[in-house]
Structures are given as C-alpha cells and as structure tokens.
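If you're matching positions, the sequence shown starts at 618 in this note's numbering and goes up one per residue. Each residue gets a CB set at the ideal place from its N, CA and C atoms; glycine is no exception. Written out below as structure tokens is the structure these notes cover.
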Amino acid sequence: MAREIPLASDELKKRRRYLSKNYLETGDMLIVYAGTEQRLRNGLDNVYPFRQDSNYYYLTGVKESEGLLLIVKGPKGDAREILFVQEKDPDKEKWAGYRLGKEEASRISGIEEVYYLSQSDGLTAALLNQSQRAWIPYPYQWSISSKSSPVMANVQVLRDNFPHLRISNALDIFKLMRTKKSPVEIKFLKEAVKMTKTALHKTWRKIKPGMTEYQIRALVEYEFRRQGGDIAFNSIVAAGENAVVLHYVECDKIVQEGEMILFDVGAEYGLYSADISRTIPVSGKFTPEQLKYYKMVLDCNKKVIDAAKPGKKLGELNDIVIETLKDALQKDKLIEKPEDVSRYYYHGVSHYLGLDTHDLGLNRQQPLSVNAVITVEPGLYIKEKKLGIRIEDDIVIKRNQALNLSKSIAKEPEEIMTIMKK
Ligand SMILES: [Mn+2]
618 MAREIPLASD ELKKRRRYLS KNYLETGDML IVYAGTEQRL RNGLDNVYPF
668 RQDSNYYYLT GVKESEGLLL IVKGPKGDAR EILFVQEKDP DKEKWAGYRL
718 GKEEASRISG IEEVYYLSQS DGLTAALLNQ SQRAWIPYPY QWSISSKSSP
768 VMANVQVLRD NFPHLRISNA LDIFKLMRTK KSPVEIKFLK EAVKMTKTAL
818 HKTWRKIKPG MTEYQIRALV EYEFRRQGGD IAFNSIVAAG ENAVVLHYVE
868 CDKIVQEGEM ILFDVGAEYG LYSADISRTI PVSGKFTPEQ LKYYKMVLDC
918 NKKVIDAAKP GKKLGELNDI VIETLKDALQ KDKLIEKPED VSRYYYHGVS
968 HYLGLDTHDL GLNRQQPLSV NAVITVEPGL YIKEKKLGIR IEDDIVIKRN
1018 QALNLSKSIA KEPEEIMTIM KK
C-alpha cells in the first residue's frame, strides 16, 4: 500500500478527546480490541485475511492484529489512554511479518502510554475493578449461536469476572461519531472512488460477448490492486438475470450479446470503502427496452441525489424511489397495482459509507447530518426480462446540496456507449 497516507496523529488525538469529553463519564472505561485474532483455516498454518477493527483503527490509526485500546475517564474529567500492542519478536517477525512495537505504535497513534500485550491482563483487571461502567463495541444483532464469537466471549468474561460493572455497547458512541466524516476521511473516500472509476472505465473497454463474469471481475480487481488499493467487499459482476440477485457472487456465467451487466464494486483505500454500481450493455449498445428501464432507474438516482440534504431521512429518500417507480411501472403496464412495485425493487436506496461499506450510522428514521456520507442506489430487477439495473453513487451531505463523489463515473447512456466504443 505504498500510496496510503497514514492518518495524522493529531486527528486521532482529536477523535479520542472528543469521545471521552462527550460520551464518557467519570468511572467509565472504553475497551476496543484490534479485531478478531488471526484465525487459522482448518487448524493448519494458513490464516484467514486479517482486517483491522474499524473502531480500533478510527481511534488509533494502528494496522496490526491483536492489540487493545483502553480509555479511562478519571475523577477530574481527565482521560487516561492506554494502548497494548504485540511484542517485538525477531524470530516470529521472520515468519509472520514486521511488528510495530511500542515506539512506532505510540508515534502513529499519538498515545503516550503504550505497553506490550503480556502486561494487559493485570492492568486491565485493575482498571476494571476501579470502574463502574465498561463500554465495549459488540454486534447489535446476535443470537445464542453467535455467543461463540470472540467479541461476545469478551463481553461474557466481563460479566462473569466483574459483576459490579454496567456494560454498555460502545457502538452507540461510534455510530454518532463515525456518521460525520472529517475532511481527511472524505479525502480517503475520494481516492477509493477514483480507483473504482479507473477500474470500471478500463474494464468496460475490454468487455466482449463470450467472456465470463469472473474474467470481467478479475479485470476490475486487478485495477484496484494495481493502483495500490484493496477490495472493499465481494465484487458483484452479474450478467443477464443474475443481476436480480442482490448479492450475487458466483460470477461463473458467460456473458452474452444483448445482455446487460451489473457491477457493484468498490476499492478500499486506507481502509475507507467506495461502493459503486453501474449497469452496462455487453455489446456497448442499449436495446430500446433496456434503455427505457435504465432511464427510470437513472431518474430515481438523480431525484434522490437532488433531495439529499441535512435533515432528510434515509427512509424519505427511499420513498422517492418507490413513488417514482410506481408511476413509471404503472404507465409501462409492468404493474397494475402501485404496491406491486415491491416485486421489482426490493432494497433500500441508501446506507452510510466509510470505514465499512455498510457503515455504522444513524437509523433510517433519523435526519441526515452535514458531512454524512451515504450511497444512492436505486434499482430495478425484472427477472422475466432477465434484466437487473442498479445505479449507485457515493455522496457527501453538504449544507445546501449533496456533493457527488462519483460524479465522473459514467452513468448517462451516451457516456457509457462512448467509453465502450474505445
Ligand atoms: Mn451499496
């Protein structure tokens, strides 16, 4: 990741200070783990790819497996920040890679009190004994069967060993903070979107009938990596009727002349995710029927971007799509009753975007705030016509109007046809 600019420790300090000042009370302690520990595949020595926990990264800027962040709010309103990281170990580093060590982790995060993990149990227990409340992020939705997850195991350890503690879900804090993006975060998102644009436009020029979906996906992902980016989520390249499956990932079909291909892909840059959908004709030309439905979706996409302002709710934005499609599809005679629109459009139009593709954020009935970043992704899925269309942009909510980060990724039919001709 040669191109990645590290987060400035000033910004990280500001985030931690804001969090402890606004959300922690005296006697509170925040606990954030670096992520799920490196997990072995089938008990052998091959591990699953590690992804830093977004909240840990958001507060520390540290990219390394294991590790633990504690913030303890003291009696005078002061906040003690402690970071534990993996011990330097020249032998292990020869096999599994470089470890930051205390000095480097301190320099990146701006946290002065950094220790090795071997010291974490004793100090953490002592601090928990003095605290009244522990804030720890854990999934909102979990069932009995997900109790085996490492995060829930940690929550259970807290409950069993420190029964005096009140345990609160720190996601309630992170969702408020992470909803509003800073200029640095928007810069990262812009870069991720730019990489995605290059990947899509370059790939479209190479598409020919007879290729497979996975070959086309490989071209997109090659471009992400060539530019120093990563793959933010399982890329969707779905031709013909595969495009009506929202999270289609098999990608094993041969694409045919006359079909459309739906791309829902995103590069990740500095752990920030782009999320872009475009739908293009395999042969480089739309049929009149494809164009008719494509324009309905494009109309929805533009109406929602125009309407996206501070104070609007995601639920209201989705209503715009439903109303627009109800009218259009009734005129088209594809549906008789307005409520039948749900046969052809069956997801929400927006979600928050950031360190996670489906980012933490406020719920659908809470108003949008300035500097929130959301997707706008209306779709139309007509299985009987073997046609699925989605057009998705990534936008920043500004004071008066939305800033469309993906404005320059072609979505007008003429623009798409021009790119594909080259
Ligand atoms: Mn999306």
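Between W752 and D645, the C-beta spacing is below 8 Å. By the CB criterion at 8 Å, G901 and I871 fall outside the cutoff. Burial is judged here by how many other beta carbons sit within 10 angstroms of a residue's own beta carbon; T1035 has fewer than 16 and is exposed. At a Cβ-Cβ threshold of 8 Å, S737 and L685 count as neighbours. Fewer than three pairs of CB atoms, one per stretch, sit closer than 8 Å, so the region 950 to 967 makes no contact with the region 1027 to 1034. Annotation note: the region 630 to 667 contains no uninterrupted alpha helix (DSSP H) run of length 4 or greater. Contact between V938 and V966 is confirmed by a C-beta separation of about 5 Å, below the 8 Å threshold.
Runs of beta strand (DSSP E) with 3 or more residues, each lying fully within the region 844 to 911, are found at 853 to 856, 877 to 882, 884 to 886, 893 to 898, listed in chain order. Residue burial is scored here from C-beta neighbours: H818 has at least 16 other C-beta atoms within 10 angstroms and is therefore classed as buried. In this structure the region 647 to 662 touches the region 672 to 689; the number of beta carbon pairs closer than 8 Å is three or more. For R981, there is no enclosing alpha helix (DSSP H), since its DSSP letter is neither H nor E.
In the three-state DSSP reduction, L687 falls in the strand class (E or B). Separation of Q983 and L934 (C-alpha to C-alpha, rounded to the nearest whole angstrom) is 12 Å. Listed in chain order, the non-local C-beta contacts of D881 below 6 Å within the same chain comprise I853, S894, local neighbours out to five positions each way being set aside. Here the alpha carbon of K1024 sits roughly 11 Å from the alpha carbon of I922. Classified as exposed, Y665 has fewer than 16 neighbouring CB atoms from the shown chains inside 10 Å of its CB.
In the assembly as shown, K1028 is a buried residue. Its beta-carbon has 16 or more other beta-carbons within 10 Å.
Remark: the C-beta of T992 is in contact range of ligand 1, defined as less than 7 Å to any heavy atom. Taking a 10 Å sphere around the C-beta of L661, we find fewer than 16 other C-beta atoms and assign the residue as exposed. Per the C-alpha coordinates, the member of A891, R960, D949 positioned closest to V861 is R960.
Residue environment for K680: buried (at least 16 other C-beta atoms within 10 angstroms of its C-beta).
Taking all protein chains in view, the Cβ of D1010 is crowded by 16 or more other Cβ atoms within 10 Å, so the residue is classified as buried. P623 counts as exposed, since fewer than 16 other C-beta atoms from the protein chains shown sit within 10 angstroms of its C-beta.
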